[in-house]
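So the structure is just underneath, and the comments pick up after that.
Residue numbers (this note's numbering), protein chains in the order written: chain A, 127 to 201; chain B, 942 to 1595; chain C, 427 to 593.
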């Protein structure tokens, strides 16, 4: 947590909350994916700030990591 | 002379030794100032020369050496110099305590013999001691009806009690007095004694100096320091309020004095932050470095992207919530100070200057001494006080580098420290994984690992970083989730291999949890303590549930004292009505002035209507409100039962 | 160099503008004016900042220098060589020094503004902001979401009398 710049984690949380909210505008069958996406964005926030200064980059990176992990489990 | 106390007098300082010996020295030190372009301020300089005399001199800072002036004049004059130079004059050595400056200038210090090593692991601390107490409740009572002296109760009229106290003091001639809530009672005792013409010589001279009460911001919250009457010639410690005494005992108070050159009367009343500042000032004076009055030097200009990179805290590896078997917690000892010393970090070296950095060289002996006392206290408990004081000063030394008014602080140093700490933790994680360990959680200077070759990991990491570590072994440990489901930082509990439970971050460890709720949650941990591994925890679920039901039904007969919520007040006015605001008002109506930073206790009488009573007035508590507290304490722990406990190498998953 | 802050409000070199505005409105200076990237822009914040996190996106290139004490603020101002200087007011800087320090800083800001555009910004004015603003050429209040109201325009001498109702 920095003195002047909001932490990347806070930023990722804001993004995740926005994505959850965005889910409400989707069709019913698509809504669970928005919730999952938000959870995936949060999965690596703790470590994300080490290399990232941009919360969006950290969120997207986290999602991709989770997607790749899923891909490995169910080829 | 072994200096016990020091008091500034007109034109000098009076030093006191043990047993009442004293000696006065004449001392009127100048302050220093520099001007970027003296020619622009000829008139001012001439005026100062005429009125006070100016001595040209070299002013040595940690950065450079410059031509400047020494002048013996008041703080007011210093303020005028600042103003009249358009705030371009830089003032030094103005706000230093004269006794500290005098002693450091001569290479002496308090609570030590001349020539003694301030960093010796043992020192002469024989003092004649006495204990005083007042039985009446402080902060609410303005009457003294019962006192105690060295455990013996004395009663009677106030004049009788004061006379007995005065006689005992004269007979015993103490060097050090322990007195709970002294800073509250002393004004009353001293003024009463004066009125009654009783010679109460807590102060050997009958004079007291004042440390004013104030509230201030420290580490993100308001803290309150009580005003105090400080005697001369004897050390008076408010054993209830003194942070240093409570944490580090008399040994800590005396060590702080030796290190800072401030009398124990002061070190008992200062926070670790002020102590580290005083220590740095002492070291500066010792080395002939001028102590700046203001913070003029800002950080360097940089592109916003660079600031974003740098403005971060320590490294964190979020745990996956779950229960894990056979986990080892590895802590780096004094990581931040070790980084400062190991990397030679200091305001003047952080941008890449060579040479020994001031800050690094000043903290090195403190770190060295702490590493010794840490080992020594395992064999001999008498070192615990010294170890605690050193620990606190080291812990504070990092935060102090980022403090805006720190004389030798520097945000660049602060950032370099956290950057290095992140690298260290990442490298440690890599090392652990190379040794076949799994890293479960990490936060700033601690890692939790399981499996693999842990001893090898510890050895290699210590060798690579040059920082010592300490390990704790758990039979099992549970990492709890945050509201969003991801792992919480520093919220866990587990059973160590020696059988004890280690608990962090939950209600039982939070200061504002009322005793009833705390013992309920601790009761849960006592039950869980019996489990030898993660798999056995589920067996306890039923018992824990029963404990909860009992706690809820026991609420109606709970003692009021067990329902007191204790909180540190952050502000005294609230925009919206709330329970804390209501408690503060109740205190006010009872005649107790509440300042920001003070700790107050209250019992919630009606949670919906936001009514709270101070503990001495409370007769009923709102069962619904406290039931919610119990539920929260219960729900904090419950997640562990709903997790699938998989084999230890996989840990839990939801 | 000129920025059109809002309809009827254009700021240019040689101006010291004291601006009171909600954060959202002030942020538009950064988001709605990509052309600012062409200029040397210095952002001066105090202890903590409410705007800095949101003021720059990934492509932001402006400089930052933080003042944690009033004396540091003075040094930063004296050393500033940027075309646009944006100061996020922080009242905690002035707690010990009081008004005379604020006045000194106000003067220095005015000096700096002879060669640049200096914006002194606060979401809520206090007496220190008011003290510094007496040296401003213009004092602007931006209301949220409605047309901005130009409160005062003091084109004349800095030392001229200006009644600032807000302070």
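Think of the CB as a built atom: it goes at the ideal place given N, C-alpha and C, for glycine as much as any other residue.
Worksheet item: Any Cβ of chain C within less than 9 Å of the Cβ of residue 180 of chain A?
Response: As a first step, residue 180 of chain A is located in the first chain; it is residue number 54 there, counting from the start. So, interface residue.
Discussion item. Give me the chain C residues within the contact set of residue 149 of chain A, using Cβ-Cβ distance strictly less than 8 Å, ordered along the chain.
Written reply: The residue labelled residue 149 of chain A in the question sits at position 23 within the first chain. Residues of chain C passing the Cβ test: none, with the nearest at roughly 24 Å.
Discussion item. Could you tell me the alpha carbon to alpha carbon distance between residue 1250 of chain B and residue 1359 of chain B, rounded to whole angstroms?
Written reply: On the second chain, residue 1250 of chain B is found 309 positions in, with the first residue counted as 1. On the second chain, residue 1359 of chain B is found 418 positions in, with the first residue counted as 1. In a straight line, the C-alpha of residue 1250 of chain B is about 11 Å away from that of residue 1359 of chain B.
Item to complete: Please check if any C-beta of chain A sits within less than 9 Å of the C-beta of residue 474 of chain C.
Response: Your numbering for residue 474 of chain C matches position 48 in the third chain. For residue 474 of chain C, the closest Cβ of chain A is nearer than 9 Å.
Worksheet item: What residues of chain C sit near residue 132 of chain A, judged by a beta carbon separation below 7 Å?
Response: To locate residue 132 of chain A, count along the first chain from 1; it is residue 6. Residues of chain C with a Cβ closer than 7 Å to the Cβ of residue 132 of chain A are, in chain order, 479.
Worksheet item: How about residue 159 of chain A: is its C-beta nearer than 9 Å to some C-beta of chain B?
Response: Position 33 of the first chain holds residue 159 of chain A. Using beta-carbon distances, residue 159 of chain A does not count as an interface residue toward chain B, since no partner is under 9 Å.
Fill in: Assigned exposure category for residue 1180 of chain B - 16 Cβ within 10 Å defines buried
Locating residue 1180 of chain B in the second chain gives position 239, where the first residue counts as 1. The residue in question, residue 1180 of chain B, is buried, as its Cβ has 16 or more Cβ neighbours within 10 Å.
Practice prompt. Give the range of the alpha helix (DSSP H) segment to which residue 1094 of chain B is assigned.
Written response: Taking the second chain and counting its residues from 1, the one referred to as residue 1094 of chain B is at position 153. In the DSSP assignment, residue 1094 of chain B falls outside any alpha helix (DSSP H) and within the unbroken beta strand (DSSP E) covering 1093 to 1095.
Worksheet item: What's the call for residue 1239 of chain B, buried or exposed, on a 16-neighbour Cβ count within 10 Å?
Response: Reading the second chain from its first residue, position 298 is the one you call residue 1239 of chain B. That one is buried.
Item to complete: Pick out the complete alpha helix (DSSP H) segments inside the segment 997 to 1036 of chain B, 4 residues or longer, and give them in chain order.
Response: For the segment 997 to 1036 of chain B, whole alpha helix (DSSP H) runs of length 4 or above, ordered along the chain, are 1016 to 1025.
Worksheet item: Is it buried or exposed for residue 1530 of chain B, if we count other Cβ within 10 angstroms and need 16 for buried?
Response: As a working note, residue 1530 of chain B is residue 589 in the second chain. Exposed, since its Cβ has fewer than 16 Cβ neighbours within 10 Å.
Discussion item. Please report whether the beta-carbon of residue 581 of chain C lies at a distance below 9 Å from any beta-carbon of chain A.
Written reply: The sequence position of residue 581 of chain C within the third chain is 155, counting from 1. Model confidence at residue 581 of chain C stands at a pLDDT of 42, short of 50, so the residue's coordinates are unreliable; what they give is reported in the following sentence. Judged by the 9 Å Cβ criterion, residue 581 of chain C is not in contact with chain A.
Fill in: Any chain B beta carbon closer than 9 Å to residue 527 of chain C
Position 101 of the third chain, counted from the first residue, corresponds to residue 527 of chain C. So, interface residue.
Worksheet item: Does the beta carbon of residue 1058 of chain B sit closer than 9 Å to a beta carbon anywhere in chain A?
Response: Here residue 1058 of chain B is taken as the residue at index 117 of the second chain, counted from 1. It does not: the Cβ of residue 1058 of chain B has no partner Cβ on chain A nearer than 9 Å.
Item to complete: List the whole-angstrom C-beta distance separating residue 1299 of chain B from residue 1226 of chain B, where the pair is believed to meet the contact cut-off of C-beta under 8 Å.
Response: As a position in the second chain, residue 1299 of chain B is number 358, starting the count at 1. As a position in the second chain, residue 1226 of chain B is number 285, starting the count at 1. At roughly 12 Å, the Cβ-Cβ gap does not stay under 8 Å, so residue 1299 of chain B and residue 1226 of chain B are not in contact.
Worksheet item: Mind checking residue 982 of chain B: buried by the 16 CB within 10 Å criterion, or exposed?
Response: Taking the second chain and counting its residues from 1, one reaches residue 982 of chain B at position 41. Per the 10 Å Cβ criterion, buried.
Practice prompt. Quickly, what does DSSP pair residue 1380 of chain B with across the bridge? List them, please.
Written response: In the second chain, residue 1380 of chain B corresponds to position 439, counting from 1. DSSP output for residue 1380 of chain B lists B/1390 as bridge partner(s).
Worksheet item: What is the C-beta distance between residue 79 of chain A and residue 478 of chain C, in whole angstroms, given that I count them as a contact (C-beta under 8 Å)?
Response: Missing from the structure shown is residue 79 of chain A; chain A here goes from 127 to 201 and no further.
Worksheet entry | Inside the segment 483 to 559 of chain C only - beta strand (DSSP E) runs reaching at least 3 residues | For the segment 483 to 559 of chain C, whole beta strand (DSSP E) runs of length 3 or above, ordered along the chain, are 489 to 492, 510 to 514 and 543 to 548.
Discussion item. Could you compute how far the alpha carbon of residue 1204 of chain B sits from the alpha carbon of residue 1425 of chain B?
Written reply: In the second chain, the residue the question calls residue 1204 of chain B occupies position 263. In the second chain, the residue the question calls residue 1425 of chain B occupies position 484. Looking at the backbone, the Cα of residue 1204 of chain B and that of residue 1425 of chain B are separated by about 50 Å.
Worksheet item: Are the segment 1203 to 1223 of chain B and the segment 1034 to 1048 of chain B touching, with three or more C-beta to C-beta distances below 8 Å?
Response: A contact exists between the segment 1203 to 1223 of chain B and the segment 1034 to 1048 of chain B.
Item to complete: For the segment 1308 to 1392 of chain B, list the beta strand (DSSP E) runs that are entirely contained and at least 3 residues long, ordered along the chain.
Response: If we require 3 residues or more, the beta strand (DSSP E) runs fully inside the segment 1308 to 1392 of chain B come out as 1379 to 1384 and 1387 to 1391.
Practice prompt. Taking only beta-carbon positions, decide if residue 492 of chain C is within less than 9 Å of chain B.
Written response: As a working mapping, residue 492 of chain C is identified with position 66 in the third chain. Taking 9 Å as the CB threshold, residue 492 of chain C lines the interface with chain B.
Worksheet item: residue 1327 of chain B to residue 498 of chain C, Cα distance in whole Å?
Response: Within the second chain, numbered from 1, the residue matching residue 1327 of chain B stands at position 386. Within the third chain, numbered from 1, the residue matching residue 498 of chain C stands at position 72. Their Cα atoms are separated by approximately 37 Å.
Worksheet entry | 9 Å Cβ cutoff, residue 143 of chain A in contact with chain C | To locate residue 143 of chain A, count along the first chain from 1; it is residue 17. Chain C, which has no Cβ nearer than 9 Å to the Cβ of residue 143 of chain A, makes this no.
Item to complete: List the DSSP bridge partners of residue 1506 of chain B.
Response: Residue mapping note: residue 1506 of chain B aligns to position 565 of the second chain, counting from 1. DSSP, once it has assigned bridges, lists B/1543 as partnering residue 1506 of chain B.
Discussion item. Can you look up residue 1431 of chain B in the DSSP assignment and give me helix, strand or coil?
Written reply: In the second chain, the residue the question calls residue 1431 of chain B occupies position 490. Residue state, collapsed to three classes: strand.
Discussion item. Between residue 1485 of chain B and residue 1468 of chain B, how many whole angstroms is the CB-CB distance? I'm expecting something under 8 Å.
Written reply: Indexing the second chain from 1 puts residue 1485 of chain B at position 544. Indexing the second chain from 1 puts residue 1468 of chain B at position 527. In this structure residue 1485 of chain B touches residue 1468 of chain B by the C-beta definition: roughly 6 Å separates them, less than 8 Å.
Discussion item. Assess contact between the segment 500 to 519 of chain C and the segment 1244 to 1259 of chain B, defined as three or more Cβ pairs (one per stretch) separated by less than 8 Å. Is contact present?
Written reply: These segments do not touch.
Practice prompt. Taking only beta carbons into account, state which residues of the segment 461 to 473 of chain C come closer than 8 Å to chain A, listed in chain order.
Written response: Result list: 471 and 473.
Worksheet item: Span of the beta strand (DSSP E) holding residue 1443 of chain B?
Response: For the purposes of this step, residue 1443 of chain B is taken as residue 502 along the second chain, with counting starting at 1. Residue 1443 of chain B: member of the beta strand (DSSP E) spanning 1442 to 1445, first to last residue.
Practice prompt. Give the single residue among B/1537, B/1557, B/1143 and B/1549 whose Cα lies nearest to the Cα of residue 1543 of chain B.
Written response: As a first step, residue 1543 of chain B must be located in the second chain, where it is residue number 602. If you compare the alpha carbons of B/1537, B/1557, B/1143 and B/1549 with that of residue 1543 of chain B, the shortest gap goes to B/1557.
Item to complete: Give me whichever residues DSSP pairs with residue 1150 of chain B in a beta bridge.
Response: Numbered from 1 along the second chain, position 209 holds the residue referred to as residue 1150 of chain B. Looking at the DSSP assignment, residue 1150 of chain B forms a beta bridge with B/1171.
Discussion item. Here's a check: name, in chain order, each residue in its chain whose Cβ is nearer than 6 Å to the Cβ of residue 1186 of chain B, leaving out the five neighbours to either side.
Written reply: In the second chain, counting from the first residue as 1, residue 1186 of chain B sits at position 245. Same-chain partners within the cutoff: 1178, 1180, 1194 and 1209.
Practice prompt. Have a look at residue 1183 of chain B and residue 1211 of chain B and give me their C-alpha separation to the nearest angstrom.
Written response: Your numbering for residue 1183 of chain B matches position 242 in the second chain. Your numbering for residue 1211 of chain B matches position 270 in the second chain. Each residue's CA atom was taken as its position, placing residue 1183 of chain B and residue 1211 of chain B some 8 Å apart.
Worksheet item: By Cβ distance below 6 Å, which residues in the same chain neighbour residue 471 of chain C in space, the five residues on each side in sequence not counted?
Response: Taking the third chain and counting its residues from 1, one reaches residue 471 of chain C at position 45. The beta carbon of residue 471 of chain C sits closer than 6 Å to the beta carbons of 478, 492 and 514 from its chain, once the five residues preceding and following it are set aside; these are given in chain order.
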